[in-house]
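Chain order of the listed sequences is A and B. Numbering-wise, our numbering comes out as the position in the first sequence, counting from 1, plus 4. Numbering-wise, our numbering comes out as the position in the second sequence, counting from 1, plus 441. Ideal Cβ positions, reconstructed from N, Cα and C, are used throughout, including at glycine. A quick write-up on the structure given underneath.
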Amino acid sequence: MTSGISYDVAHLLGAVVLLISFALLVEQRVIALISTFAAQGVVLSLAALWEGWSHNIHHLYLSAAIIFTVKAMIIPMTLNFLVGAMKVHHHETDPGLGVGGALAIGISLVVLSIVSIFPIAPAVTVLTKESLALAFSVLLHGMLMMVTRRNAISQLIGFMSIENGLLMAAIGVQGMPLAVEVSIAFTVLVAAFIFGIFIFGIRDRVETLDIHQLDLYRGERH
Amino acid sequence: MLAVPLITGALAALIPNRRLGSGINVLGSMGTLAAAAWLLWTPPVASALVFVDDLNIYLVLLTAFIGFTTTLYSTGYMAHEVSHGHLTGSDVRMFHSLFQLFMFTMLLGLTANNLGLMWVAIEAATLATAPLVNLYRSEAAIEAAVKYFILCGVGISMALFGIILVYLAAQPHLGSGMITLTWTDLYSKFAGLGGGVNQRILELAFVFLLIGYGTKTGLAPVHAWLPDAHTEGPTPVSAVLSGLLLNVSLYAILRYKMLLAANGDTLVPAALMIALGLVSLLVAGLMLYRRRDIKRFYAYSSVEHMGIATFAFGIGGPIANFAGLLHMAMHSLTKSALFFTVGHMSQIKGTRQIAAIKGLVVSNPALGWALVLGMVMIAGLPPSGIFVSEFLIVTSTVAHSPWLVVPLLLGLLIALGAFILRLQGLAFGAPTPAVEGKAPFATTALAPVYLHLGLVVVAGLWLPGQITAWFQAAAKLLG
Chain A
5 MTSGISYDVA
15 HLLGAVVLLI
25 SFALLVEQRV
35 IALISTFAAQ
45 GVVLSLAALW
55 EGWSHNIHHL
65 YLSAAIIFTV
75 KAMIIPMTLN
85 FLVGAMKVHH
95 HETDPGLGVG
105 GALAIGISLV
115 VLSIVSIFPI
125 APAVTVLTKE
135 SLALAFSVLL
145 HGMLMMVTRR
155 NAISQLIGFM
165 SIENGLLMAA
175 IGVQGMPLAV
185 EVSIAFTVLV
195 AAFIFGIFIF
205 GIRDRVETLD
215 IHQLDLYRGE
225 RH
Chain B
442 MLAVPLITGA
452 LAALIPNRRL
462 GSGINVLGSM
472 GTLAAAAWLL
482 WTPPVASALV
492 FVDDLNIYLV
502 LLTAFIGFTT
512 TLYSTGYMAH
522 EVSHGHLTGS
532 DVRMFHSLFQ
542 LFMFTMLLGL
552 TANNLGLMWV
562 AIEAATLATA
572 PLVNLYRSEA
582 AIEAAVKYFI
592 LCGVGISMAL
602 FGIILVYLAA
612 QPHLGSGMIT
622 LTWTDLYSKF
632 AGLGGGVNQR
642 ILELAFVFLL
652 IGYGTKTGLA
662 PVHAWLPDAH
672 TEGPTPVSAV
682 LSGLLLNVSL
692 YAILRYKMLL
702 AANGDTLVPA
712 ALMIALGLVS
722 LLVAGLMLYR
732 RRDIKRFYAY
742 SSVEHMGIAT
752 FAFGIGGPIA
762 NFAGLLHMAM
772 HSLTKSALFF
782 TVGHMSQIKG
792 TRQIAAIKGL
802 VVSNPALGWA
812 LVLGMVMIAG
822 LPPSGIFVSE
832 FLIVTSTVAH
842 SPWLVVPLLL
852 GLLIALGAFI
862 LRLQGLAFGA
872 PTPAVEGKAP
882 FATTALAPVY
892 LHLGLVVVAG
902 LWLPGQITAW
912 FQAAAKLLG
């Protein structure tokens, strides 16, 4: 299984997902982040489709459909609605670390994930090992995004791209059982909605989407 | 048992009348408790989705019991909040229905046989409680809720990564499909193979699972959400977060520790759990001294006690495991009782600042002495059940690795000091004035508090043979 077109395409799709997660890291405009995130969902669902087709695992087709509907359609549409309702301006930026810093740390996270995942497995196939490392990088990038971004919407996108990393890992081990996958997807969807409601709450009470402003109300400071 | 809270939750959401709603809430929890008790007599049946064994049945009972007493308590609490205009009728309705949903997720998490289902249940518990933390809709409340949501969300995704790794490790032996995530099948297969499963993958998975579920257990250094969520949420929510949610996530960690142990790998998980447990104990112990808000004070004490329990399971062996289980139960009972008293206190005095509450024993004897009793219990002084469990933990640590006793005792003493210090100010001295217009509450409102504390005292003096045998069986399962 380590050679041939099936391996190459799986590899390619995984790499594209990682590339898009780099794009998420450096993209500064809040609205552009949403489309980038939707693109990641599309590629991820293609990866699931390919994995299902090349290994003849039928339930991965359904996973691909779920990923496409949730990650590439429902969530981006909801986010666009949020952005519209909050009157976020097209040029509103959330710089985070800036391009250089985000790239540097992003690359070191990829190295970290390779160093931590690769030693575990003589027993696992090369493809699984590599897609796990890719998935873990995407997960770490999502976390980096959550740490460095200040805008509540970019934080939510960071959160969802962590989930994308998890989905990628699940595809890499040739799919979790379907029932599990469906319920996880449902939970994540509910989570996104609740976060959306919180975003409204923050806007109403603190009159900003800047999460850091909330620190003023933290614990025993007030 | 699982259906009762779900139906009650739906009913409570539909019924607009607050009085009726809280009645249904109480009845529903009573039904859940009865169903949980019934499980004791019916032989446990394992299916691919849910199962019952000696380890989870005791937590199921404890969860249903505390859920029931909390609904009793919340009836009075919510009536007071509504009459003082802090909450509206629809807030209370949301509280009732989400509370029942939370009970459902807790019980599902405890009885889940499928690792994915367990994950979903524990994540859903966060989703059900995050809006409850935000019930008062102040700036601080939304800060706490968002922080709770984000930290636990990220933590739980680490745990999911761990589950995927476990699946990866088990796949060569069990094939793919539902069976590879079914705990009982995994356990018997791992035990049958006797060490054939890739240890490095499992160890890596355990790191993720411990950090992930550890976030929800409130282990330092990933405990940051806990004090805020406990403080800003309404008091019944603080009581169940502290008394139930932390237990359930610790229980999830234990399930994985058992899997690793079945594979002949105990060293790495033990070391990690001992380290995290000690860090939590020491960090939280020191934090206790600087707290001005009484609910934050108790929240840090929860971090401390979860640290102690995690430490005990890290030490392992029949005695320490027994003590760890006992500690979880005793801490839940005492801490929820303490949160109940805090709720009454802050409603009477109109503040949660420790410095502004004095002389409770003089002004409200029944409440004041409940507080004294609870603080003495939680600090681990005899005749508390917590004293027994801490004593057992210390002795088994001496047998296991004597040098670990030093930091353990240090942590316990630091926390004890903080409790004695605060207790004097809160309970004794000249009383501070109460808020105008607070109707003197019925002494029956304290019934849940005294019930919990009474159980803890009884456990400290005498554990019935039946319960001891039960804990021992569970401790043996833990290896």
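Query, Result
"At least three beta-carbon pairs within less than 8 Å, the stretch 524 to 537 of chain B to the stretch 479 to 498 of chain B", "no"
"Own chain partners of residue 901 of chain B with C-beta closer than 7 Å, once the 5 adjacent residues on each side are dropped", "823, 824, 825, 826, 828, 829"
"Contacts around residue 769 of chain B, its chain only, beta-carbon distance under 6 Å, and the 5 residues preceding and following it disregarded", "688, 750"
"Close beta carbons around residue 515 of chain B, own chain, < 6 Å, minus the five adjacent residues each side", "677"
"Pair within 8 Å by beta-carbon distance, residue 837 of chain B and residue 718 of chain B", "no"
"Closer than 9 Å at the beta carbon, the chain B residues around residue 202 of chain A", "571, 572, 575, 583, 586, 587, 590"
"Contacts around residue 88 of chain A, its chain only, beta-carbon distance under 7 Å, and the 5 residues preceding and following it disregarded", "none"
"Neighbourhood of residue 13 of chain A by C-beta, 6 Å cutoff - its chain only, sequence neighbours within 5 removed", "54"
"Below-8 Å beta-carbon distance, residue 152 of chain A vs any chain B residue", "no"
"Contacts of residue 149 of chain A in chain B (Cβ-Cβ under 7 Å)", "The premise fails here: residue 149 of chain A is roughly 11 Å from chain B at the closest Cβ pair, so nothing lies under 7 Å."
"Residues of the stretch 636 to 647 of chain B whose Cβ lies closer than 7 Å to any Cβ of chain C, in chain order", "Judged by its chain identifiers, the structure shown contains no chain C, and its protein chains are A and B."
"Nearest-angstrom Cβ-Cβ length linking residue 800 of chain B and residue 871 of chain B, presumed shorter than 8 Å", "5 Å"
"Per-residue DSSP class, three states only, for residue 44 of chain A", "helix"
"Interface partners of residue 605 of chain B on chain A, CB under 9 Å", "136, 139, 170, 173, 174, 176, 177, 180"
"Chain A within 8 Å of residue 745 of chain B, Cβ atoms only", "no"
"Contacts that residue 612 of chain B makes with chain A (C-beta to C-beta distance below 7 Å)", "177"
"Any alpha helix (DSSP H) of 4 or more consecutive residues that is wholly inside the stretch 60 to 101 of chain A", "63 to 71, 79 to 89"
"Segment contact, 8 Å Cβ cut-off, at least three pairs: the stretch 19 to 29 of chain A with the stretch 74 to 93 of chain A", "no"
"Any 3 or more C-beta pairs closer than 8 Å across the stretch 580 to 587 of chain B and the stretch 202 to 214 of chain A", "yes"
"Residue 918 of chain B versus residue 447 of chain B - alpha carbon distance", "30 Å"
"Whether residue 161 of chain A touches residue 50 of chain A by CB criterion (8 Å)", "no"
"Cutoff 8 Å: residue 754 of chain B Cβ touching any chain A Cβ", "no"
"Where the alpha helix (DSSP H) containing residue 865 of chain B begins and where it ends", "846 to 868"
"With 16 other Cβ atoms within 10 Å as the buried cut-off, status of residue 153 of chain A", "buried"
"Collapsed DSSP secondary structure at residue 208 of chain A in the structure displayed", "helix"
"Alpha-carbon to alpha-carbon, residue 760 of chain B and residue 722 of chain B", "20 Å"
"Three-state secondary structure (DSSP) of residue 12 of chain A", "helix"
"Buried/exposed call for residue 18 of chain A, threshold 16 Cβ in 10 Å", "buried"
"Test: residue 740 of chain B CB closer than 8 Å to a CB of chain A", "no"
"Cβ of residue 33 of chain A within 8 Å of any chain B Cβ", "no"
"Three-state class that DSSP yields for residue 688 of chain B in the structure shown", "helix"
"Contact between the stretch 608 to 628 of chain B and the stretch 667 to 687 of chain B (3+ Cβ pairs under 8 Å)", "no"
"Residue 783 of chain B, enclosing alpha helix (DSSP H) - first and last residue", "758 to 790"
"Partners in chain B for residue 187 of chain A, counting only beta-carbon separations shorter than 8 Å", "557, 558, 561"
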